[in-house]
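What follows is a single structure, written as structure tokens, with notes after it.
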Amino acid sequence: MSEKSNRNHGAVGWFQSLQEAGAAMVEAVSRFPVTVGFLFVTAAQANALVAYSSLFSSRIFGTASQESQLFALIGAVLASFAATLFAQSRRLSLWACYILPAVAGLAAFTVMWPPIGVRTVEWAFLFSLAALVPIAPFVGRGTGDAFWMFTARLAFAAALALLAFVLFWGGASAILASLTNLFGIGISNGLYKHIGVSICLFVAPLFGLGQTPFVFDEEPGGREHDMMQYGMRALGDFAAVPLLIIYAIILHLYTMKIVLTGEIPQGQIGWLVLTYGVSTVAVLLLTKPFLDTARAPTRFFVRFWPLVLVMPLGLLFYALWLRVSVFGWTVERYFLGLFGVVMLALVILQALRPLRGDIRVAAGLPVIALLIGSFGPLGAVDWSIRSQQSRFLELVRGEPDDHQTKAEALAVLRYLSGENAELGVAPEGFSPSGEESLYRQVAHAWNLDPDNPVQRGRQWYSYDRNSIVMVALDGFDVLFQHVRVDQKDGANSPLSLPDGTSLKLTLNKNEVSLTSEKGTPTLFKVETSRIVELSIQADQSALLRLEADGKQILLIPTTLSASSYPETVLTHFYGAVVLRSSDWE
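Count along the sequence shown from 1, then add 2; that gives the number in the numbering used here.
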């Protein structure tokens with residue numbers, strides 16, 4: 003909070019309160035004029051979208067989704083806010099405090115706006131900009147303790163902005179509802195939306211801007227320091243640090259198990275190490291100013307965390323290498339690898355005495371890396387596209403004739419098509435036409451069937467065909483369409499025969515259970531070999547003809563899914579069920 007917010011005031015009346023609120027708004031506008039301008043445009047665009055309009059002409063700016071439009075403007079707000087704090091912390095000229103935020107905001111808008119920007123991972127870009135706000139004033143200046151104090155006050159300002167939104171929106175909604183319920187005045191849903199987006203995207207953020215601290219060099223001290231110290235000590239000594247130590251022991255034991263047995267790491271190990279690393283950085287940031295009074299567990303953890311991280315990072319890199327060598331890079335694997343590199347860099351930097359224990363480095367390095375990885379030629383999307391393009395060309399080289407390789411190639415091509423990058427794997431001499439989608443044209447050019455119903459993943463495959471199906475019924479007389487059963491949640495489909503008999507269809511592992519109202523369940527076993535055959539089904543519709551206890555049923559899937567690890571299990575069926583009513587009399 004600013005110093006003006008910390009002054010002790012006597013009791014004041016309504017007029018004085020309104021004056022102070024107005025003065026705070028004016029102060030926010032005068033201190034952050036560019037940021038407030040971007041906020042105003044964001045709120046105006048949101049209101050225009052509520053009214054099914056837009057401030058941005060598609061002829062000039064191109065076509066973009068409503069979410070992308072707002073995300074681009076929010077990115078401009080965050081970038082300009084960080085740039086303003088950067089300029090103010092260095093006491094730059096007034097013109098610099100205008101120009102630098104404007105350039106930063108427009109740059110962020112350009113990166114986020116799909117028609118004129120580059121491939122961007124929106125969540126990563128926005129998160130890195132938000133995290134850059136408290137870091138910007140301390141780039142190349144200040145101390146770690148001052149950074150901690152400024153961030154704490156900025157977080158308090160953000161909490162006040164959130165509280166302001168709840169109060170303003172709740173109060174406005176209550177007033178409008180009262181007008182409707184007490185006086186019969188009709189209030190349209192559109193008015194509620196206009197008021198809601200205006201408060202959310204302008205009024206509440208403007209209130210938060212007014213609470214932004216002025217001082218950049220204040221460090222924890224006095225009574226306020228003592229109150230924070232008790233809270234941070236309790237969090238570190240009795241909760242976070244003991245849990246992280248136990249977590250580290252588990253990861254080290256699992257790593258030793260892999261080394262001794264040669265077992266391949268499970269698919270979720272990367273996210274487990276990620277959780278541990280993020281928690282480690284969070285604990286360092288929270289407890290650093292209060293280490294002089296911390297208890298033994300926290301002191302031990304803060305002193306030896308670089309050594310504790312080495313083995314989990316090795317496990318992460320090994321698991322990542324196994325996945326990338328077979329399936330190539332994806333956006334998720336890119337960010338896991340980026341996280342590993344950043345954490346390894348933080349471990350190495352602890353060997354440099356000037357940087358050892360500096361929480362500005364622990365906070366800033368991950369944010370800068372995330373920002374770089376969120377867009378551009380070195381970003382996650384472009385990196386993944388190049389990797390998957392190479393993988394696709396390896397799969398189709400030599401014109402493979404096995405169904406599994408073709409299905410994998412089509413899965414990669416579908417990903418590239420979603421990123422508008424399929425032309426990068428078109429064969430030499432390929433000339434696109436306007437008759438079909440580029441995905442279909444490139445697939446045909448490589449002798450692949452774009453209508454292949456089979457899709458494969460690392461531990462699953464699915465069958466999906468919506469084309470016309472011809473089936474000889476062979477004595478079956480009842481057809482049920484749009485039947486859906488799932489093995490995971492135990493969902494079942496009730497079926498009613500023409501004579502009123504009710505049947506219940508369930509899927510349990512590789513058995514289809516059909517139960518009448520008075521009878522016992524009839525279990526139709528689906529052979530594992532038949533499920534495997536479905537994974538290479540390419541040229542004809544899949545049919546499952548099942549028999550048990552002298553009864554027969556026919557399953558005609560529209561969509562069908564199965565897991566392939568650790569065992570082959572049918573997990574989902576949606577389609578038609580055909581049976582003989584005489585079997586259930």
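Virtual Cβ for every residue (Gly too), placed ideally from N, Cα, C.
Since this is a predicted model, take the numbers as computed values, not measurements.
For V487, the enclosing beta strand (DSSP E) starts and ends at V480 to D488. The C-beta of K527 has fewer than 16 other C-beta atoms within 10 Å across all chains shown, which makes the residue exposed.
Judged by DSSP in its simplified three-state form, K511 adopts coil rather than helix or strand.
If you ignore the 5 residues before and after S515, its C-beta comes within less than 6 Å of the C-beta of T508, P523 and L525, all in its own chain and listed in chain order.
Rounded to the nearest angstrom, the Cβ distance from V579 to L557 is 6 Å, consistent with a contact under 8 Å. CA-CA distance, R532 to P299, rounds to 56 Å. Note on geometry: alpha-carbon atoms of E124 and L164 lie some 22 Å from one another. Between the region 333-348 and the region 393-405, the count of Cβ pairs shorter than 8 Å is below three; the stretches do not touch. With 16 or more other CB atoms across the displayed protein chains lying within 10 angstroms of its CB, P103 is buried. As for any alpha helix (DSSP H) of minimum length 4 sitting wholly inside the region 372-409, the runs are 382-398, ordered along the chain. A contact between stretches requires three or more CB pairs, one per stretch, nearer than 8 Å, and the region 354-362 meets this requirement with the region 138-148. By the beta-carbon neighbour count (other beta carbons within 10 angstroms, threshold 16), M114 is buried. Fewer than three beta-carbon pairs drawn from the region 152-166 and the region 180-199 are found closer than 8 Å, and the two stretches are therefore not classed as touching. Residue environment: F209 is assigned as buried (16 or more neighbouring CB atoms within 10 Å of its CB, all protein chains considered).
V328 sits away from V285, with the two beta carbons spaced by 8 Å or more.
Rounded to whole angstroms, the Cβ separation of L572 and N512 is 5 Å, and the two are in contact under 8 Å.
Excluding sequence positions up to five before and after L211, its CB lies within less than 6 Å of the CB of A30 and F34, all in the same chain and listed in chain order.
Check the Cα spacing between T332 and each of W385, T517 and G378: the tightest is with W385.
Within the same chain, A364 come within 6 Å of V283 by CB-CB distance, once the 5 residues on both sides are set aside. P452 is not bridged by DSSP to any residue. With a cutoff of 8 Å on beta-carbon distance, T570 and T530 are scored as near each other.
For S563, same chain residues with a beta-carbon under 7 Å away, outside a window of 5 residues either side, are W462, S464, T573 and H574 in chain order. F127 counts as buried, since at least 16 other C-beta atoms from the protein chains shown sit within 10 angstroms of its C-beta.
Residue state for Y320 is assigned as helix, using DSSP reduced to three classes.
Between the alpha carbons of S60 and F40 lies a gap of roughly 20 Å. Going by beta carbons, Q390 and L418 fall inside the 8 Å limit. Secondary structure at K527: strand, using DSSP grouped into helix, strand and coil. The Cβ atoms of F129 and P139 do not sit closer than 8 Å to each other.
The Cβ-Cβ distance between W150 and P291 falls below 8 Å. Between the C-alpha atoms of L324 and R393 there is a straight-line separation of about 15 Å. Apart from the 5 residues on each side of it in sequence, S56 sits with its Cβ closer than 6 Å to the Cβ of A50 in its chain, given in chain order. Taking 8 Å as the upper bound for CB-CB distance, A74 and F111 are in contact here, some 5 Å apart. In the structure shown, G577 adopts extended strand secondary structure according to DSSP, grouped into three states. Ranked by Cα distance from A84, the options A46, L131, S67 and A98 are led by L131. Judged by their CB atoms, G279 and L311 are nearer to each other than the 8 Å cut-off. L318 and I470 have their C-alpha atoms spaced approximately 47 Å apart.
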